[in-house]
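Accompanying notes for the structure given below.
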Amino acid sequence: MLIRKIRKSVSWKMISQLNHLFISPIYEKGSNSHSPQNFSSLNIRCFRSSHNPKVSVPESTTQTPISVAVNKMSRVTRTDAQAALFDYLHCTRGFNYVDAEHISKNSPHFLQSLLSKVDNDQDITRALTRFFRYHPINEFEPFLESLGLCSSELTSLLPRNLIFLSDDSVLLDNYHVLCDYGIPRVKMGKIYKEATEIFGYDYGVLDMKLRAYEKLGLSRSTVIKLVTCSPTVLLGEMNSELIKVLEKLKILGFENDWIGGYLSNRHSYNWGRMLHTLHFLNEVGYSDEKMAALFKMNPAFLFEGSGKRIYVLVGQLLKLGLKMNDIYSLFCQNPNILSLKCAKNLWQALYFLLEIGLETEIIANIVSTHIQLLGSHSLKGPKTVLRCFKGDKCRLCETIKEDPLNLFRLASKSKVSLEQMTSQNPGKLFEKTAFLLRLGYLENSDEMAKALKQFRGRGDQLQERFDCLVNAGLDCNVVINMIKQAPTALNQSKNVLEKKIDLLKTYLGYPVESIVSFPSYLCYDVDRVHLRFSMYAWLKQKGAAKPTLSVSTLLACSDARFVKYFVDIHPEGPAMWENLKSSLQSS
Numbered sequence: 001m002l003i004r005k006i007r008k009s010v011s012w013k014m015i016s017q018l019n020h021l022f023i024s025p026i027y028e029k030g031s032n033s034h035s036p037q038n039f040s041s042l043n044i045r046c047f048r049s050s051h052n053p054k055v056s057v058p059e060s061t062t063q064t065p066i067s068v069a070v071n072k073m074s075r076v077t078r079t080d081a082q083a084a085l086f087d088y089l090h091c092t093r094g095f096n097y098v099d100a101e102h103i104s105k106n107s108p109h110f111l112q113s114l115l116s117k118v119d120n121d122q123d124i125t126r127a128l129t130r131f132f133r134y135h136p137i138n139e140f141e142p143f144l145e146s147l148g149l150c151s152s153e154l155t156s157l158l159p160r161n162l163i164f165l166s167d168d169s170v171l172l173d174n175y176h177v178l179c180d181y182g183i184p185r186v187k188m189g190k191i192y193k194e195a196t197e198i199f200g201y202d203y204g205v206l207d208m209k210l211r212a213y214e215k216l217g218l219s220r221s222t223v224i225k226l227v228t229c230s231p232t233v234l235l236g237e238m239n240s241e242l243i244k245v246l247e248k249l250k251i252l253g254f255e256n257d258w259i260g261g262y263l264s265n266r267h268s269y270n271w272g273r274m275l276h277t278l279h280f281l282n283e284v285g286y287s288d289e290k291m292a293a294l295f296k297m298n299p300a301f302l303f304e305g306s307g308k309r310i311y312v313l314v315g316q317l318l319k320l321g322l323k324m325n326d327i328y329s330l331f332c333q334n335p336n337i338l339s340l341k342c343a344k345n346l347w348q349a350l351y352f353l354l355e356i357g358l359e360t361e362i363i364a365n366i367v368s369t370h371i372q373l374l375g376s377h378s379l380k381g382p383k384t385v386l387r388c389f390k391g392d393k394c395r396l397c398e399t400i401k402e403d404p405l406n407l408f409r410l411a412s413k414s415k416v417s418l419e420q421m422t423s424q425n426p427g428k429l430f431e432k433t434a435f436l437l438r439l440g441y442l443e444n445s446d447e448m449a450k451a452l453k454q455f456r457g458r459g460d461q462l463q464e465r466f467d468c469l470v471n472a473g474l475d476c477n478v479v480i481n482m483i484k485q486a487p488t489a490l491n492q493s494k495n496v497l498e499k500k501i502d503l504l505k506t507y508l509g510y511p512v513e514s515i516v517s518f519p520s521y522l523c524y525d526v527d528r529v530h531l532r533f534s535m536y537a538w539l540k541q542k543g544a545a546k547p548t549l550s551v552s553t554l555l556a557c558s559d560a561r562f563v564k565y566f567v568d569i570h571p572e573g574p575a576m577w578e579n580l581k582s583s584l585q586s587s
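The sequence shown: position 119 = 119 (UniProt numbering), numbered continuously.
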């Protein structure tokens, strides 16, 4: 049933509208071909040109409206204005200290507006104090801005008949419920904008809804992420589609808190679409084991776009002329084709082939026989490659028809030679590359080339070792930073990593977080760790050593230095040291 829906619903218009999930549209100057029958010209607009590969602007590089407003004021003026607003809110209006401080420090647009109403040549604090005395402000304006809302969004969200926050005691109560639960104040703007009704709940209702999600087995940190990125889960009854997604993921072997590592407040999530995606994968033949492997290797496939990419990708392959059985076989043989990076590379390759005018039948054949290579490597733009053919598209098409591998010889951006591409198992190479991309390495960069040499093992093995550290209690992002500092930590088996973590807890009684600042701990030889930890534990029992020395202090020093400071300091130390070494060698 779902497959028939996909076939019917995936139209050229839909593909054009949804292509932004992978790449931005391209519109050639002077092109007037918009006919659904013109497959090639319409699809060209669904792909991103390799000359403009930027997909999105990282959050950290964008200048928010708040930062722009702040930059308009000098530091002294800003500080004085914040102090005056704080004094008004806290002393005159009776706001508690924390609320008044947060609002005054996170409402720059409102402060800018206030400053425009007073004489800037005067003492700012005195001028604003006098202004507040005779001009009551609409307190909802700085309050809502302090939640992270832009000034342009405030007009439609301000209550019509109220200016004092204290007149809406229910709103303030729910605001404090969210604060007390741990939701960052600056992220509540999205909640207020997308689910304003939450702030009108009767006393105790919001807290009850938050606790209800904890009863599903979600930790508080995961519930916080869930609420900040999908505020609508707190509307009405508990979100049944979310519950079903969690149940399905549990069947696949994922704990409920697994989703917490991949939720981002930069995205919104459609739990109904996620559920349909899970059902669709079942219908096209993915077993639970294959689906679990897919999500472990490519969690972004499920979370970024809420699974919508599969519909677009399947629709595109159908338009190429592939049958559903063929698509199913491709998915089964190449499960990573559904990952974000692989799908993007595939779409860029299709754009390339369509742009140079290759027949759709030939393209479908290339996709069927070389889909792993198409997904594993990004290609240069058609114009760049055509320079070698003096712009002759027909000659380039003939070259690719003679041997489809010529496409990769001529257009691949990868520094890896074609011989290396084909000699290695392409699936293993892609899995390893996909894993490194998830760690934050840039495709085709020098860092990626270096990392491919540093990290040893298949992609699934590296992922298993990575998951081992996460399952030990470390945050996913923390593990990523640790691995980048000490790449060789993942070159050990899962059993070795688990043994080192166990040694840390057994002999030292330290939590696993104690190695965050010293990730190289995971790279040391097990015997060295065992021997030194045993000696240190013995010294603590004798009262001859400080009880909380860092792991780096115990391991990073040379053998001679360790003997001097951790063996010879006790009369029985040398004998104990020899006994420990003997027992370790005999075991």
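Yeah, the Cβ is synthetic: ideal placement off N, Cα and C, and Gly gets one too.
- Secondary structure in the segment 180 to 242: the alpha helix (DSSP H) runs of 4 residues or longer, each lying completely within the stretch, are 188 to 194, 205 to 214, 220 to 229 in chain order.
- Non-local beta-carbon contacts of Val-479 in its own chain, meaning distances under 7 Å to residues more than five positions away in sequence, involve Phe-466, Leu-469, Val-470 in chain order.
- Within the same chain, Val-529, His-530, Phe-533 come within 7 Å of Leu-503 by CB-CB distance, once the 5 residues on both sides are set aside.
- Secondary structure at Leu-531: helix, using DSSP grouped into helix, strand and coil.
- DSSP places Leu-439 in the helix class (H, G or I) of the three-state scheme.
- Listed in chain order, the non-local C-beta contacts of Glu-464 below 6 Å within the same chain comprise Lys-494, local neighbours out to five positions each way being set aside.
- DSSP places Ser-412 in the strand class (E or B) of the three-state scheme.
- The beta carbon of Pro-487 is closer than 8 Å to those of Ala-451, Gln-454, Phe-455 in its chain, skipping five residues each way along the sequence.
- Residue environment analysis places Arg-438 among the buried positions, since at least 16 neighbouring C-beta atoms fall within 10 angstroms of its C-beta.
- Close CB contacts of Lys-105 within its chain, under the 7 Å cut and outside five residues either way in sequence, are with Gln-82 (chain order).
- In this structure, Lys-193 lies near Glu-153, with their beta-carbon atoms less than 8 Å apart.
- Around the CB of Pro-159, fewer than 16 other CB atoms lie within 10 Å, so the residue is classed as exposed.
- Ranked by Cα distance from Asp-257, the first of Ala-575, Leu-128, Asp-475 is Asp-475.
- Its chain contains Ser-146, Arg-185 as the residues whose beta carbon lies nearer than 7 Å to that of His-102, once the 5 sequence neighbours on both sides are disregarded; these appear in chain order.
- One alpha carbon belongs to Met-576, the other to Leu-584, and they sit about 12 Å apart.
- Per DSSP, Asp-257 lies in no alpha helix (DSSP H) segment and is marked neither H nor E.
- Judged by DSSP secondary structure, Cys-468 falls within the alpha helix (DSSP H) whose first and last residues are 459 to 471.
- With contact defined as three or more Cβ pairs closer than 8 Å, the segment 195 to 211 and the segment 160 to 167 are not in contact.
- About 6 Å separates the beta carbon of Leu-216 from that of Leu-246, a gap short enough to meet the 8 Å contact definition.
- When the five nearest sequence neighbours on each side are left out, the beta carbons in the same chain lying within less than 7 Å of the beta carbon of Ser-268 are those of Cys-229, Ser-230, in order along the chain.
- Assignment of Leu-317 by DSSP, reduced to helix, strand and coil, places it in the helix class.
- Collapsing the DSSP output to three states places Leu-162 in coil.
- If you check the CB distance, Phe-199 and Asn-174 come in under 8 Å.
- DSSP, read as helix, strand or coil, puts Leu-549 in coil.
- Excluding the 5 residues flanking it on each side, Leu-353 has same chain C-beta neighbours closer than 6 Å at Ile-363, in chain order.
- Annotated three-state conformation of Leu-144 is helix, per DSSP.
- About 4 Å separates the beta carbon of Ser-552 from that of Phe-518, a gap short enough to meet the 8 Å contact definition.
- When the alpha-carbon of Lys-225 is set against those of Asn-579, Ala-349, Lys-190, His-279, the nearest one is in Lys-190.
- 8 Å or more divides the Cβ of Leu-379 from the Cβ of Leu-386.
- Restricting attention to Pro-108, Tyr-441, Arg-93, the CA atom closest to the CA of Thr-129 is found in Arg-93.
- Asp-525 counts as exposed, since fewer than 16 other C-beta atoms from the protein chains shown sit within 10 angstroms of its C-beta.
- Leu-379 has Ser-412 as its beta-bridge partners, per DSSP.
- By the criterion of a C-beta distance shorter than 8 Å, Asp-403 is surrounded by no residue of its chain, once the five residues flanking it on both sides are discounted.
- Per DSSP, Gly-272 is one residue of the alpha helix (DSSP H) stretching across 271 to 283.
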